[in-house]
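*Asks:*
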Amino acid sequence: MLNSLVLGIESSCDETSVAIVKDGYRVLANETASQMALHSRYGGVVPEVASRQHLESLPLLVTEVLKQAQVTFDDLTGIAVTGMPGLIGALLVGVSAAKGLAFTLHLPLAMIHHIEAHLYAVQLDSDPVLFPALGLAVSGGHTELYHMEGWGQYRLLGSTRDDAAGEAFDKVAKLMGLGYPGGPIIEKLAKNAPQVTEKFSVSRMKDKSQDFSFSGLKTAVSLEIKKTPLQSEKDREHLAAKFQNTILEEISKRVRIALEEFQPKSLVVGGGVACNQALREALKKEAEPFKTVLRVPPPKYCSDNGAMIAGLGAYQISQGRISSLSATAASRSTFY
Ligand code: KG4
Ligand code: ZN
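So that you can map any letter, position 132 of the sequence shown is 148 in this note's numbering, and since no number is skipped, the others follow by simple counting.
Now the structure itself:
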């Protein structure tokens, strides 16, 4: 990865982000055009609107990051792009742009798995991860726990059977009549009710697996709102705290079991939900007794960003994992 200079493109959902990363970890520039305001009035992401917006934003962002990093196209050593998973139309915009750049600049192309990049983000502007590690990906579309022997060597320990953690935050916020994305709004409300220790009771997995399930929790919140309609800010804060306490405990519990079993050197956490301060604190408490180092990126690298794509791209290219120009995007895919 030494002496590499990779341009990374992320367009899997509602953020268009482009970055330039040196040597696989040093972020020279990372610019994101958020479409949040555009989608929030619909209470979720509208795929067609997202694709069109990516198309508009991408060329501007590429020009901007080259300027900020003070480099030219000729200085680049590789192009990386999110190839999977995500909204297919949105992914195709980024992939087409990346292929065009790789082809015209005669550069290697790396197609990146978005969730793997969320975990790789802990190395951005930071130290290499010590392996073996546990990897926890908590985003709008994924909630997964992995055993990691190194980058590219993973074993899935558990994943969600229904909603992802971020999706649960978003759906509960919608039920409570709050905006989108729900995670930051619920976190803010819950912060104002630190005295609330209550949790919803959640049914256990019958087969003792480490899988997650959050749809029952969403139903429990919905029933509670029907029983006791939310009338004041205090009611909203109470419910937000009770919901957040439950979801954090559900995540912590599974992490605790895996920490006990594997005693890993690091606990690597990534994805938009990793912005949640209460989750960070809960995981820190879990990791400490095992002397496991908790690695969570700063919030700007937790949510979708081009830097994590460029960083992992540099690594993949250094390993000879170069994608063909005929490779295409996939809305669903695994990387382990
Ligand atoms: O990783 P990300 O930016 O996009 C996906 O790959 O899905 O994650 C977005 C998700 C949304 O569901 C959002 O509500 C959630 O991350 N999120 C949070 C917080 N900030 C963003 N969830 C809980 N607490 C937060 N502070
Ligand atoms: Zn993401």
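Using N, Cα and C, we set each Cβ at its ideal position, and we do this for glycine too.
The structure displayed is predicted, hence computed values, not measured ones.
Out of Leu74, Glu80, Arg57, Arg177, state which residue places its alpha-carbon closest to the alpha-carbon of Leu44.
*Replies:* Residue mapping note: residue 44 aligns to position 28 of the sequence shown, counting from 1. Nearest option by C-alpha distance: Glu80.
*Asks:* For the ligand KG4, is there any heavy atom lying closer than 8 Å to the beta carbon of Asn208?
*Replies:* The sequence position of residue 208 within the sequence shown is 192, counting from 1. The answer is no for Asn208.
*Asks:* If contacts are defined as beta-carbon pairs under 8 Å, then Ala330 and Val97 qualify, I think. What distance do you get, rounded to the angstrom?
*Replies:* To locate residue 330, count along the sequence shown from 1; it is residue 314. To locate residue 97, count along the sequence shown from 1; it is residue 81. With 8 Å as the limit, Ala330 and Val97 do not qualify as a contact, their Cβ atoms being about 13 Å apart.
*Asks:* Return yes when the C-beta of Cys291 is under 8 Å from any heavy atom of the ligand ZN, and no when it is not.
*Replies:* For this step, residue 291 is matched to residue 275 along the sequence shown. No - the ligand ZN has no heavy atom lying nearer than 8 Å to the Cβ of Cys291.
*Asks:* In the DSSP output, which residue or residues are listed as bridge partners for Ala153?
*Replies:* Sequence index remark: in the sequence shown, residue 153 carries index 137 (1-based). In the DSSP output, where bridge partners are listed per residue, Ala153 has Glu160, Gly286.
*Asks:* List the endpoints of the continuous beta strand (DSSP E) containing Gly174.
*Replies:* Here the question's residue 174 lines up with position 158 in the sequence shown. Gly174 -> beta strand (DSSP E) spans 169-175.
*Asks:* Anyone know if the C-beta pair for Glu160 and Ala294 falls short of 9 Å?
*Replies:* Stepping through the sequence shown from its first residue, residue 160 is reached at position 144. Stepping through the sequence shown from its first residue, residue 294 is reached at position 278. Contact flag unset, no.
*Asks:* Within this structure, are the beta carbons of Ser225 and Gly174 separated by less than 9 Å?
*Replies:* Taking the sequence shown and counting its residues from 1, one reaches residue 225 at position 209. Taking the sequence shown and counting its residues from 1, one reaches residue 174 at position 158. Cβ atoms of Ser225 and Gly174: closer than 9 Å.
*Asks:* Closest to Leu152 by C-alpha separation, out of Asn321, Ala303, Ala343, would be which residue?
*Replies:* The residue labelled residue 152 in the question sits at position 136 within the sequence shown. Considering only alpha carbons, the answer is Ala303.
*Asks:* Taking a contact to mean a Cβ-Cβ separation below 9 Å, would you say Leu337 touches Gly168 in this structure?
*Replies:* For this step, residue 337 is matched to residue 321 along the sequence shown. For this step, residue 168 is matched to residue 152 along the sequence shown. The amino acid occupying residue 337 in the given sequence is Arg; Leu does not appear at that position. A contact, by the Cβ cut-off of 9 Å.
*Asks:* To the nearest angstrom, how far is it from the Cα of Ser268 to the Cα of Ile333?
*Replies:* Start at 1 with the first residue of the sequence shown, and residue 268 comes out as number 252. Start at 1 with the first residue of the sequence shown, and residue 333 comes out as number 317. Each residue's Cα considered, the two are about 34 Å apart.
*Asks:* At a cut of 8 Å, does the stretch 54-65 reach the stretch 283-294 through at least three beta carbon pairs?
*Replies:* Result no; under three Cβ-Cβ pairs closer than 8 Å.
*Asks:* With distances taken from each beta carbon to the nearest heavy atom of the ligand ZN, which residues come in below 5 Å, in chain order?
*Replies:* The set, ordered by position in the chain, is Ser155, Asp320.
*Asks:* Per DSSP, Ala85 is paired with what?
*Replies:* Residue mapping note: residue 85 aligns to position 69 of the sequence shown, counting from 1. According to DSSP, Ala85 bridges with nothing at all.
*Asks:* Leaving out the 5 sequence neighbours to the left and right, which residues in its chain are closer than 6 Å to Ala149 when beta-carbon positions are compared?
*Replies:* Translated into the one-based positions of the sequence shown, residue 149 becomes position 133. Counting only Cβ-Cβ distances below 6 Å, and skipping sequence neighbours, we find Met164, Pro280, Ser282, Val284.
*Asks:* Quick check on this structure: which residue in Ala236, Ser349, Val237, Gly156 has the alpha carbon closest to the alpha carbon of Pro353?
*Replies:* This structure gives no information on residue 353, because the portion of the chain shown stretches from 17 to 352.
*Asks:* With H, G and I counted as helix, E and B as strand and the rest as coil, what does DSSP make of His134?
*Replies:* Locating residue 134 in the sequence shown gives position 118, counting from the first residue. Reduced to three states, the DSSP call for His134 is helix.
*Asks:* If you count every other CB in all the chains shown that lies within 10 Å of the CB of His55, and 16 or more means buried, which is it?
*Replies:* Taking the first residue of the sequence shown as position 1, residue 55 is located at position 39. With 16 or more Cβ atoms within 10 Å of its Cβ, His55 is classed as buried.
*Asks:* Figure out for me which residue from Thr350, Ala345, Ser349, Leu92 has the closest Cα to the Cα of Leu108.
*Replies:* Locating residue 108 in the sequence shown gives position 92, counting from the first residue. It is Ala345 whose Cα lies nearest to the Cα of Leu108.
*Asks:* In the DSSP output, what is Val37 paired with across the bridge?
*Replies:* Against the sequence shown, residue 37 aligns to sequence position 21. According to DSSP, Val37 bridges with Val22, Val43.
*Asks:* Figure out for me which residue from Phe216, Leu246, Val154 has the closest Cα to the Cα of Phe259.
*Replies:* Here the question's residue 259 lines up with position 243 in the sequence shown. Taking only the C-alpha atoms, the option nearest Phe259 is Phe216.
*Asks:* Are the beta-carbon atoms belonging to Met106 and His134 less than 9 Å from one another?
*Replies:* Here the question's residue 106 lines up with position 90 in the sequence shown. Here the question's residue 134 lines up with position 118 in the sequence shown. The amino acid occupying residue 106 in the given sequence is Ala; Met does not appear at that position. No, Cβ-Cβ distance for Ala106 and His134 is not below 9 Å.
*Asks:* Where do the N-terminal and C-terminal ends of the alpha helix (DSSP H) with Ala126 fall, by residue?
*Replies:* One-based indexing of the sequence shown puts residue 126 at position 110. Taken as a continuous stretch (DSSP letters only), Ala126 belongs to no alpha helix (DSSP H), being part of the beta strand (DSSP E) at 125-129.
*Asks:* According to DSSP, is Thr98 part of a helix, a strand, or is it coil?
*Replies:* In the sequence shown, residue 98 corresponds to position 82, counting from 1. If DSSP states are grouped into helix, strand and coil, Thr98 belongs with the strands.
*Asks:* Near Leu117, what residues of its chain come up, given a Cβ to Cβ distance below 6 Å and the 5 sequence neighbours on each side ignored?
*Replies:* Reading the sequence shown from its first residue, position 101 is the one you call residue 117. Answer for Leu117: Ile95, listed in chain order.
*Asks:* Considering only the alpha carbon of each residue, which of Ile25, Glu249, Leu140, Lys83 lies closest to Met192?
*Replies:* As a first step, residue 192 must be located in the sequence shown, where it is residue number 176. Closest by alpha carbon: Glu249.
*Asks:* Is the beta carbon of Val138 closer than 9 Å to that of Pro315?
*Replies:* Here residue 315 refers to the residue found at position 299 of the sequence shown. Here residue 138 refers to the residue found at position 122 of the sequence shown. It is not a contact, given that the beta carbons lie outside the stated cut-off.
*Asks:* On the three-state DSSP scale, how would you describe Gly322?
*Replies:* As a position in the sequence shown, residue 322 is number 306, starting the count at 1. Residue state, collapsed to three classes: helix.
*Asks:* Run through DSSP, which three-state label would Leu92 get?
*Replies:* Translated into positions along the sequence shown, residue 92 becomes position 76. Here Leu92 sits in coil by DSSP.
*Asks:* Starting from the Cα of Pro144, find the closest Cα among Gln247, Lys243, Arg42 and give me that residue.
*Replies:* The count along the sequence shown starts at 1 and reaches residue 144 at position 128. It is Arg42 whose Cα lies nearest to the Cα of Pro144.
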